[in-house]
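Here's the structure we're looking at; comments come further down.
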Amino acid sequence: MRSQLRAAVDGRGPCRPDSEVTERLRELVRPHVESFDWFVKEGLDEGVESLEPEEFESAAGSRIKLWLLEAKLYAPKSDTRKDQDLFPSECRRRGGSYTGQLRVTLRYTVDDGPPLDFDRAVGQLPVMVRSCACHLHSLSAPQLVHRREERHELGGYFISNGDGRNLRPLARAIRLLIVPRRNHVTGIVRPSFRNRGPLFTPYATVIRCANSDQCSLTVGLHLLSSGSARLRITISKNEFFLPVVLVLRALRDSSDREVYERATGGDGDDSFVADRVLEALLYDFGQPLATRKHCLGFLGRQFRAMLRRPPWESDEQVGALLLRRQVFIHLQHREERDRGEAKWELLMLMLQRLYALAAGRVKEDNPDSLEVLLPGHLWAMMVREQLGGWVRAVANAVKRELAKPSPALPTDEKMIASALRMATSAAEPGKALGYFVATGNLRSESGLDLQQTAGFTIVAERLNYWRAQLLARLALGHVHVHAVTRPRRVRRRFLAHFRSIHRGAFFAQLRTTTVRKLLPDQWGFLCPVHTPDGSPCGLLSHLAAPCSVQPRFAEIRSYLLPHLSAAGVALLPLGGGLPTAHYMPVLIDGEVVGFVHNDAAPHAASLLRRLKVCGATPPDPAAPLQPPPTIASLEIALILPGGSRRPPALYLAAGPARPLRPVLNVSLGRTELIGPLEQTTLRVSYGADDEGRAEASHAEVTPHNMLSLIASLTPFCDFNQSPRNMYQCQMGKQTMGVPFHAVGQRSETKAYHLHTPQSPVVRQQSLPPSPPISPSRRSRRLDEYPLGTNAVIAVISYTGYDMEDAMIVNKASYDRGFAHASVRTTVEVNLNKLKTKGEPPHHRFGNLKPPEPPDDAPPTTPPRLGVDGLPEVGQLLKDGDPICAVLDLATSKHELRYHKSSGGESGGAAVVEEVRVVGGDGDWQEGGRDAPVAFIRLRYNRNPIPGDKFSSRHGQKGTCPLGVLSRLWPAEDMPFTESGITPDILFNPHGFPSRMTIGTLSSLELRGARAPKAGAAHGVTQDATPFQFSDKHRAVDYFGEQLRAAGFSYHGTEPMYSGLYGTEMEVQIFVGVVYYQRLRHMVSDKHQVRSRGPVNTLTKQPVHGRKMSRDGPRLGEMERDALLAHGVAYLVHDRLFHCSDEARALVCTRCGSLLAPMMRPPEGALSGPASRETLCRACGDGGAVDAIALPYVFLYLTNELAAMNVKVKLDTRSTAALK
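Using UniProt numbering, read the sequence shown as starting at 1 and increasing by one per residue.
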């Protein structure tokens, strides 16, 4: 057995170059970076092109027109050194934001005369790290190190220092958001639609239209009780409802007969639809609106003021502009004639589905269909709106200049330049976007068709790293081990920010669980495990590991039309009059292109799928079939009429922001990318043992493809209770490790570093297995950023201190450095906050006072500081020691700043690692603008002390109980095995049943600890990928044979001897190896208590959290258990009762009621409180009413239960009776 295991790891797979592995890692943040690249290269130009010109007439009668000609974002440049590139590392060290200049070209004409072009800078725009506008975009790993960056910097975030007053820059990422599927008609039934008006019904069809510049508008069609319908459009957050017949006539010339026949689908006998269509056609508008020209003129007169159009434009032009800008904007790319035809067809389709929904022939659609709002797309929407606001501000400034008593000529360049300066000062796009990145709050006039205004950005913390070779494999879904065996681990918490996706803050306020469910179209795209507990549960999800999002649009319409025609699709306009009872529509990205017979639709979909997966068949059958790049991501969703009661249609989509995931096409034997809507029309089996695999059209590549990056890294997670897997996803992001290597170049507020980390013996690998790499090569390549320590653990109740989750740590292991760590913080001393507004700064760091007559000897301040007023590098600072001295040059007075920290084992002492001073150039008497800013990086030693938290990789936390580390349980008192092995950790077996962590007990301790135990014995790493074992292939047999071959017990148990008595324990004790993680939750940061402070107004209990209570957290469950373990019951009673919510209440000892007793009201005005008596309203007298002390929250509970018609009765006894 040993030789077989040795032979299994002697393979030598080819090593991929470092650049290729880094490229695989960039797949994890590719949606962020590539979407921002799209904005820089394409989105900015498309947004500028889509802006309408501003036109107005001056007082002198001149027609002035101005519009943006182009806009360009430049790479960041240094503001201190002219024409020198600015890199992110310098922004981190100087406390600045990483921004690039945004320049625009404004074209200005008067009476259609010669144009005047003005090139202006409109602010500094935040630039995403590693995007094409960043100087790190094309740098290799050695070049990144030369630029003081991490060797494997992935980017995808912004560097922002907020409003500039806080010079501690933060990495902020724009979070992914779930938005309704673009260009897809959805039927919705909501009772709230009745509130739109007196005739509105709950039925509506809605479509979210997204243009090529990613700006979106939602259009709804609402059914009225009279039978007509109203089209809802939104302009500047104001809703308007237009009669559907009016819009149909305005889009193109159409007769009432054509509208009637198309709306009824050629079935005039359908009275439900026919009566309602006739009612809509007979609507009286108060004036003749029979032709398209009349309808456009009517719309133009109604919306001229809202659209701010000049008086020389006709009503027909304004009406056409309204339809172009507000109705189905995703069809803007068509020619004017084709555009009206395409919009007419789509509106007719919405009307047909609205009547079908009201008649109950189709069911309501899911409004939460999955689509991702990418950061670059949101950025493009905001920049477009800000640039439009800037152009309007320029127009208003020109109007004010021309409205002066003695105005300049409209073509005066000085006047125009002054207007440009005023507009930039009032509406600078760079400030608005910088504020958005720093706060996550959206300031928008239109709302950008979003349901929330806050929570768009998050702080991308670098708390730890994780194994990047696994993340790269998981990102691709099917990469072999030898392709990703270079030494990379990626930030686990850091990467989780880029893979997280949120439904929006709006849904958190809804009192329903519908939005929190994992729907069928989201399976495989969103992880069912990786979601936090509490209020965001189900709202904050994470993309599955192999899920990818395409940021760019793939133009396929012209490519698909010939293939659709050959497959039997009747293209428009020929197929427009076909009966809908036998023909279903064919849509390409929300555009109706034709109709296909219901019986021919499966054949057409099959041909398109073969074209998608295999590409066009070449003349030579032996030639390889490669899918065209523009169609490989095509989504083909065929919904047939039948039991599903969904509107039948053939949907084809290749737009951006669609999540895609790989599955195996069974019939073609190739991997295919499918989308969420497409998935609901396919039969996908989860594995080879699926009972329905014979009928399946597709199969999962691997069963664990449904898991996210973080959830996939839990060893043997298929043996755990589901909540424990959820907890591990959260704990894994709170683990101490090695967050980065460029420590000297970072300025994080707080960073945690583990001193003695190790590589886990049990790790996840890809399936199917590929030739592995030898342990020696793997150890050299995979251990740059470890997160824990391999600890020998014994499952035994040995001391009495290890109750529940508590654990005993060996003193010798502690002395060798087990879980030793340090915390690095950066203290910022910004002297700019001391200066008065409008005056030059006059504060400097210094430890010498200026000469004062008549004594020229400069006296000094505390000697622990240097001459520059700052501490020396390597100096030990204790609590209360001066950390810097600030000299006021105007008054010649010193001000000392002192070091403050929270106790801990080191007594709050910190070591000065770095002192960095930026700014402060120039003499204050000569008007120097900036005062110096000091960044002092401190290091706190945080070795484990009683109360610190640890965790296995199965979501099972443990704490060090009081006095167990080195003083109470030295190595000679610990139990030991026959071979002399003394465990590092003793874990109480009582902690397993309550947590149901079978993955820890069975797969970790019987496999995950047996597995590393066997792996350590044979010198191999063990595969912990989930779903690889079954009843036929049991893990206990697989690892048991390995243990038996190594000379251990088949089940991993061993006899142990007491370290106190030297006798053998009469029980088989499991001993194995577990990879333990130390969490960042340390008692040194949380040991504060208080006796008084703020309380909750509802329960009268102390509020939780250090920030809320100011003095410390309240006594919690674990603290209570620790006190009870030491027998201090009266102390627990004092903390949880007297110092919490003690209250005096009246109780009737006869009926046991807490609510019936009351104080009898005074009979006269002179009656004082002493004369008042008690009364029980239930018994009629107060003879049995007594006062007792009990928690106030119990009174609150009694009242809540009474509101639910539940009576609470107390059984009370007197103290004398008890004695």
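Every residue, glycine too, gets a C-beta built ideally from N, C-alpha and C.
Among the candidates the options, whose CA atom is the shortest distance from the CA of residue i?
| i | options | result |
| --- | --- | --- |
| residue 210 | 350, 372 and 111 | 372 |
| residue 328 | 724, 1193 and 349 | 349 |
| residue 433 | 450, 461, 411 and 380 | 380 |
| residue 1210 | 1134, 1203, 942 and 1150 | 1150 |
| residue 87 | 1204, 608, 1122 and 745 | 745 |
| residue 711 | 269, 830, 541 and 847 | 541 |
| residue 1133 | 1189, 1155 and 1085 | 1189 |
| residue 609 | 566, 583, 665 and 578 | 665 |
| residue 1287 | 206, 823 and 171 | The shown model of the chain, from 1 to 1219, leaves out residue 1287, and the question about it has no answer. |
| residue 200 | 206, 189 and 222 | 222 |
| residue 892 | 848, 312, 869 and 758 | 848 |
| residue 643 | 573, 362 and 509 | 362 |
| residue 83 | 94, 95, 546 and 101 | 101 |
| residue 411 | 399, 405 and 422 | 399 |
Quick check: what's the CA-CA separation for residue i versus residue j?
| i | j | result |
| --- | --- | --- |
| residue 37 | residue 178 | 21 angstroms |
| residue 648 | residue 680 | 13 angstroms |
| residue 114 | residue 416 | 15 angstroms |
| residue 537 | residue 524 | 18 angstroms |
| residue 1200 | residue 934 | 55 angstroms |
| residue 961 | residue 793 | Residue confidence is low: residue 961 scores 45 on pLDDT, short of 50, so the model does not pin down where it sits. Its coordinate-derived value is still stated next. Each residue's Cα considered, the two are about 16 angstroms apart. |
| residue 621 | residue 669 | With a pLDDT of 48 at residue 621, under the threshold of 50, the modelled position of this residue cannot be trusted; read the value that follows with caution. Residue 621 and residue 669: Cα-Cα distance of roughly 17 angstroms. |
| residue 147 | residue 1140 | 55 angstroms |
| residue 887 | residue 726 | 53 angstroms |
| residue 346 | residue 585 | 10 angstroms |
| residue 638 | residue 454 | 37 angstroms |
| residue 192 | residue 607 | 43 angstroms |
| residue 1131 | residue 1084 | 22 angstroms |
| residue 652 | residue 499 | 27 angstroms |
For residue i, which residues from the same chain have a beta carbon less than 8 angstroms from its beta carbon, with the 5 sequence-adjacent residues on both sides left out?
| i | result |
| --- | --- |
| residue 324 | 332 and 339 |
| residue 1157 | 1146, 1147, 1148, 1174, 1175, 1176, 1177, 1182 and 1185 |
| residue 369 | 180, 181, 184, 186, 521, 676 and 677 |
| residue 864 | 871, 875, 881 and 882 |
| residue 576 | 262, 345 and 595 |
| residue 445 | 236, 237, 385 and 389 |
Indicate, with yes or no, if the ligand ZN has a heavy atom lying under 7 angstroms from the CB of residue i.
| i | result |
| --- | --- |
| residue 69 | The ligand ZN is not part of the structure shown, which contains no ligands of any sort. |
Keeping to the same chain, check which residues put their C-beta closer than 7 angstroms to that of residue i; ignore five residues upstream and five downstream.
| i | result |
| --- | --- |
| residue 316 | 293, 296, 297 and 300 |
| residue 494 | 460, 461 and 462 |
| residue 633 | 550, 554, 654, 660 and 673 |
| residue 729 | 529, 530, 710 and 711 |
| residue 274 | 264 and 268 |
| residue 971 | 810, 811, 812 and 982 |
| residue 159 | 88, 91, 92, 97, 98, 129, 169 and 171 |
| residue 1154 | 1145, 1147, 1195, 1198, 1208 and 1210 |
Please list, in chain order, all residues of the same chain as residue i whose beta carbon is under 6 angstroms from its beta carbon, the five residues on each side excluded.
| i | result |
| --- | --- |
| residue 879 | 901 and 908 |
| residue 966 | Residue placement at residue 966 is flagged as unreliable, the pLDDT there being 36, under the threshold of 50; the coordinate-derived value follows with that caveat. For residue 966, where only same-chain residues beyond five positions count, the Cβ hits under 6 angstroms are 811 and 814. |
| residue 556 | 630, 631 and 654 |
| residue 365 | 186 and 187 |
Since residue i and residue j should fall inside the 8 angstroms C-beta cutoff, what is the C-beta to C-beta distance between them, to a whole number of angstroms?
| i | j | result |
| --- | --- | --- |
| residue 226 | residue 279 | 6 angstroms |
State yes or no: is the beta carbon of residue i nearer than 8 angstroms to at least one beta carbon in chain C?
| i | result |
| --- | --- |
| residue 450 | Annotation note: the requested chain C is absent from the structure, which comprises a single protein chain. |
If contact is defined by three or more beta carbon pairs under 8 angstroms, each pair taking one atom from either stretch, is the stretch 551-562 in contact with the stretch 580-599?
The answer is yes - the stretch 551-562 touches the stretch 580-599, with three or more Cβ pairs under 8 angstroms.
Say whether the stretch 432-440 touches the stretch 106-126, bearing in mind that this needs 3 or more beta-carbon pairs closer than 8 angstroms, one atom from each stretch.
Verdict: yes, contact present.
With a threshold of 8 angstroms, are at least 3 pairs of Cβ atoms found where one atom belongs to the stretch 242-249 and the other to the stretch 282-292?
With a cut-off of 8 angstroms, the stretch 282-292 and the stretch 242-249 count as touching, because enough Cβ pairs lie within range.
Check whether the stretch 733-740 and the stretch 972-983 are in contact - that is, three or more C-beta pairs closer than 8 angstroms.
Segments in contact, no.
Do three or more CB pairs link the stretch 57-75 to the stretch 526-533 at distances below 8 angstroms?
Judged by pairs of C-beta atoms under 8 angstroms, the stretch 57-75 does not touch the stretch 526-533, as fewer than three such pairs exist.
Just checking, does the stretch 403-418 make contact with the stretch 77-86 on the three C-beta pairs under 8 angstroms criterion?
With fewer than three CB-CB distances shorter than 8 angstroms, the stretch 403-418 does not count as touching the stretch 77-86.
Do the stretch 36-55 and the stretch 63-71 make contact, defined as three or more Cβ pairs closer than 8 angstroms?
These segments touch.
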